[in-house]
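Q: Take the sequence shown: its letters are residues 65 to 691, numbered as in my numbering. Just so it is clear, CB atoms sit at the ideal spot from N, CA and C, and this is done for glycine as well. As the structure is a prediction and not an experimental result, all values here were calculated from the model. Structure incoming, see below.
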Amino acid sequence: MRILCVAEKPSQAKAVAQILSQGSLSTREGQSRYNKNFDFQYRISGHFVSVTMTSVSGHLTEVDFPATCRSWHSCNPVALFTSPVVRAVTENGKDIAKSIERESRSATHLYIWTDCDREGEGIGGEIASVSRSANPRIIVKRAHFSSVLPQEIHTAMQNPRDLDMRLVAAVEARTELDLRIGSALTRFQTLRLSSRFASLHDKLISYGPCQFPTLGFVVDQFLRVESFVPEPFWYIYLEHTKDDGRAVFTWKRSKLFDQEAVFALYAKCMAAPMARVTSMRSRPKEKWRPLPLTTVDLQKCCSRYLRLAPDLIMSIAEGLYNQGFISYPRTETDQFDTNMDLKGIVTKLIQYAPFSAYANGLVNEEGFKWPRKGNNNDKAHPPIHPVAPANNLSGNPLRVYEFVTRRFLACCSDNAKGQATEIEVQVTDEQFSASGLMVLKRNYLDIYPFDRWSESSVPVYRQGESFEPSVLEMRTGTTTVPKLLTDSDLIDIMDKNGIGTDATHADHIKKIIDREYIYRSPDKFLAPSTLGIGLIEGYDAMGLELSLSKPHLRCEMERELKRICDGAKTKDDVVRESVNLYKAVYVKSVEEVAKLEESLGRCLQQAPDTGSAIWTPSSGNGAGGTE
C-alpha cells in the first residue's frame with residue numbers, strides 16, 4: 065500500500081505532512097518548484113505504509129471554448145451559449161499535473177486533502193481525474209477535516225471518505241455556466257460599447273452572473289441617496305425633571321408628517337398639561353450573547369469593526385487556518401456539535417496572554433456556558449473558532465485572530481444581565497414612554513466590546529402619580545438621507561438575495577472594483593462609477609422581467625446547483641435549463657441595446673458614435689459570425 069496525498073495549497077501540504085510524520089519526513093522537488101513532495105511512513109491498521117504528500121495551487125484544470133470560438137472575433141457571441149467546451153489542465157498547472165501523474169503511477173491510493181467545501185470537492189475531482197489518467201486502478205478517497213490540529217488530521221487520515229461526485233458535478237456546472245454566460249455577454253458588451261464610445265475604447269466591459277447583480281445593489285442604493293428629498297415631520301416632546309433625575313419621554317405616535325394634525329393634538333395636551341403615570345414596571349433584562357461565527361458574519365463584522373476589505377479578511381483567515389490557529393474559515397454553520405470539547409478549547413486559550421484571565425474565569429469559576437444554537441448547519445464544518453493560542457502574530461492577522469477569539473469566548477459566556485425600568489404616562493389622550501437600564505452583570509460584554517449596552521437612569525415614579533411636565537413642546541425635524549453601502553452592508557444584501565456563496569462574496573466585490581464599476585471611498589463607503597451607473601440603468605431600461613442587473617437569475621441558478629448537490633437534478637439538466645434562460649434574456653438585451661447605449665451616453669456625457677463600423681450579433685450566423 066502506497067498513499068499519495070494531495071492538498072489544495074503548498075503550505076497546507078507541508079503543515080499536514082509535518083503532523084502525520086511527526087516531523088520525520090524527507091523533501092523532494094516536484095515538477096513544479098512551488099509544489100514539493102514530502103515522503104514519510106505512516107501507521108494504518110497496525111502496519112506502516114509509504115506516504116507522499118504533495119499539493120496543487122487551487123484549481124488544476126479549466127474549461128474553455130475550442131480554438132474555433134476562442135478569439136474575440138471568431139463567432140457571434142450568442143454561439144457561445146451552445147458551443148462545445150473543453151476541459152484541460154491550466155497553463156500554470158501543467159508541471160503540477162505531471163508531478164501528480166508521476167507519483168500516481170506507483171501509488172495504490174489517492175487521498176484528497178483539499179478544503180472541505182463545494183469548491184474543494186471540485187478541485188478534488190480535478191486531481192482524481194489527472195491521477196486516474198496515469199493510473200486507472202488507483203483508489204480515490206478524501207480526508208475530511210476542519211482544522212489543522214494533530215488530532216483532527218490523524219482522524220481524517222485514518223477515516224477517509226469517498227469523494228462526493230455530486231458536489232464535483234455542481235462545481236463543473238457552475239464553471240461551465242459562468243464561462244458561457246460571462247463570455248457571451250462580455251464579448252457583446254465590449255465589442256459593441258467600446259466601438260460606440262471613445263472613452264471606452266480598448267476597455268474590457270465584463271459581465272459576470274454574480275458581478276452585475278452585486279453592482280446593481282450598489283447602484284440602487286446610490287440612486288436612492290441621490291434622489292432623496294428631505295421631508296419635514298412633527299412630534300410632541302415631553303421632558304420631566306425631578307430631584308433624583310431627568311426623564312425624556314417618547315411620543316407613542318413617534319412622528320407625523322401632517323403639521324396641522326400634530327398641532328391639534330398638541331393644543332389638546334396644552335389645554336390640560338398634566339401627565340399621569342399609567343404604568344411603572346421594573347423587570348430583569350438580558351442582552352443576548354452573539355451566535356457562533358459564520359463566514360458571512362466574519363466578513364461583515366471585520367469589515368465594520370476592523371475596517372478591512374472582505375477579500376483581505378478572507379486571505380488573512382485562510383492564513384490563520386493554514387497556520388493551525390483557527391478552524392476552517394468557510395462555513396455557513398452557526399451551531400456547535402454537542403460532541404465538541406469547547407471547554408477544552410477555552411482551556412487552551414488560558415495560554416494566550418491577552419485573554420488568559422477571562423478564559424481562566426470561564427473554566428475555573430463556573431462561567432462557561434454552551435453557545436447558543438443558530439438555525440444553519442451545512443453539515444461540513446463547525447462555526448469558525450480558535451483552535452490554538454497565537455502568541456506571535458502582529459498587524460491585521462493579529463486583529464482578525466483576536467476578533468475570532470473574542471467572538472468564541474463571548475459565545476461561551478453568559479448573557480449580559482440588567483434591570484430595566486419602563487414608565488408610561490398619559491397627557492389627555494396622548495401616551496408617552498421612557499425607559500432606563502441598570503447593567504448588573506456585563507458577562508460576555510467584558511470580552512466582546514463590539515456590542516454595547518449603555519446604562520440610562522430615570523427618576524422614581526409611582527403608578528397613578530401626576531406631574532406637570534418641565535417641557536411640553538411641539539417640535540419639528542426632517543427625515544435623514546440614507547447612507548451609501550459599506551462592504552458589510554453589501555455582503556449582507558448579497559447573502560439575503562442568494563448572490564454568490566459565503567466563500568465568494570469578497571471576490572465578487574473585488575472584481576467590480578477592479579473593473580472600475582464601483583470604488584471604495586476613503587470613509588469606506590461603496591459608490592458606483594459613471595460606467596457602472598450607465599450599465600445598470602441601461603439594462604433596467606430594457607424592462608426585462610429578469611434583468612441581467614437583478615439578482616433573480618443568479619439566485620435561481622444557485623438553487624439549481626444546490627439541487628445537484630442534493631441529487632435532485634443532474635449537471636446536464638441544470639446546464640441546459642440555465643443556458644436556455646440566459647440565452648433568451650441575452651437575445652432580448654441585444655434587441656434593446658439602443659437603450660443601453662442611451663443610458664451610457666447620458667452617464668458618460670457623450671453621444672454614441674452611430675457611424676462606427678462595429679460587429680453586431682445580426683451580422684453573423686452562429687460560430688461563423690463576423691465583425
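Who does TRP434 pair with in a DSSP beta bridge?
A: For TRP434, which the question treats as bridged, DSSP gives no partner whatsoever.
Q: Straight-line CA distance for VAL638 to GLU620?
A: Approximately 11 Å, taken between the alpha carbons.
Q: Looking only at its chain, what residues have a beta carbon closer than 6 Å to the beta carbon of TYR646, apart from the 5 residues adjacent to it on each side?
A: ILE245
Q: So the candidates are VAL535, ARG368 and GLU324; which of them puts its Cα closest to the Cα of ARG552?
A: It should be pointed out that residue 552 corresponds to Ser in this sequence rather than to Arg. Minimum Cα distance to SER552 is reached at ARG368.
Q: Give me the Cα-Cα distance between ILE577 and GLY280, rounded to the nearest whole angstrom.
A: 13 Å
Q: Thinking C-beta only, is GLU529 closer than 8 Å to MET502?
A: No.
Q: Would you mind reading off the limits of the alpha helix (DSSP H) that contains HIS569?
A: 569–578
Q: Would you call GLU72 buried or exposed, if buried means 16 or more other Cβ atoms sit within 10 Å of its Cβ?
A: So GLU72 ends up on the buried side.
Q: What does the Cβ neighbour count give for ILE203, buried or exposed, with the cut at 16 atoms within 10 Å?
A: exposed
Q: Please state whether the Cβ-Cβ distance between PRO586 and LYS306 is less than 8 Å.
A: no
Q: Let me know the secondary structure DSSP gives ASP322 once reduced to three states.
A: coil
Q: Using beta-carbon positions only, say whether LEU617 and LEU590 come within less than 8 Å of one another.
A: no
Q: Taking a contact to mean a Cβ-Cβ separation below 8 Å, would you say LYS351 touches ALA248 in this structure?
A: no
Q: Nearest to ALA373 by alpha carbon, out of ASN140, ALA143 and ALA570?
A: If you compare the alpha carbons of ASN140, ALA143 and ALA570 with that of ALA373, the shortest gap goes to ALA570.
Q: Only counting the same chain, and skipping five residues up and downstream in sequence, which positions put a Cβ closer than 7 Å to that of ASP442?
A: So the list reads THR395, GLU396 and THR397, once near-sequence residues are dropped.
Q: VAL651 and VAL142: beta carbons closer than 8 Å?
A: yes
Q: Could you check the C-alpha separation between ALA262 and THR254 for me, to the nearest Å?
A: 12 Å
Q: Who are ILE582's beta bridge partners in DSSP?
A: PRO592, per the DSSP bridge assignment.
Q: Which one or two residues does DSSP pair with THR550 in a beta bridge?
A: PHE589
Q: Check whether chain B comes within 8 Å of ILE187, counting only Cβ atoms and requiring the distance to be less than that.
A: No chain B is part of this structure, which consists of one protein chain only.
Q: Taking the C-alpha atoms as reference points, what is the distance between LEU227 and SER119?
A: 17 Å
Q: Inspect the CB distances between the stretch 98–117 and the stretch 193–200 and report whether three or more fall short of 8 Å.
A: Because the criterion of three Cβ pairs below 8 Å is not met, the stretch 98–117 and the stretch 193–200 do not touch.
Q: Please report the straight-line C-alpha distance between LEU268 and ALA161, rounded to a whole angstrom.
A: 31 Å
Q: My parser needs the alpha helix (DSSP H) runs of 4 or more residues fully inside the stretch 180–223; what are they?
A: 182–198 and 214–222
Q: Under three-state DSSP, which class holds PRO296?
A: strand
Q: Check the DSSP bridge columns for VAL503 and list the partner residues they point to.
A: According to DSSP, which records beta bridges pairwise, VAL503 is partnered with GLY482.
Q: Going by Cα to Cα distance, which pick from VAL127, MET65, MET117 and LYS78 is closest to ILE108?
A: MET65
Q: Can you confirm whether the stretch 205–225 touches the stretch 382–393 when touching is taken to mean that 3 or more C-beta pairs between the two stretches lie within less than 8 Å?
A: yes
Q: Which of helix, strand or coil does DSSP assign to TYR271?
A: coil
Q: Under the assumption that LEU370 contacts PHE467 (Cβ atoms under 8 Å), give the Cβ distance between them as a whole number of angstroms.
A: 7 Å
Q: Is the number of C-beta pairs between the stretch 590–608 and the stretch 269–279 that are closer than 8 Å three or more?
A: yes
Q: Can SER477 and ILE511 be called in contact, C-beta distance under 8 Å?
A: yes
Q: Taking THR469 as part of the alpha helix (DSSP H), name the residues at either end of that continuous run.
A: 459–475
Q: Could you spell out the range, first to last residue, of the alpha helix (DSSP H) harbouring PHE389?
A: Premise fails: PHE389 is in no alpha helix (DSSP H) and is neither H nor E.
Q: What residue range does the beta strand (DSSP E) around MET538 cover?
A: 535–542
Q: Taking only runs of the alpha helix (DSSP H) that begin and end inside the stretch 116–179, which ones reach a length of at least 4 residues, in chain order?
A: 131–134 and 158–168
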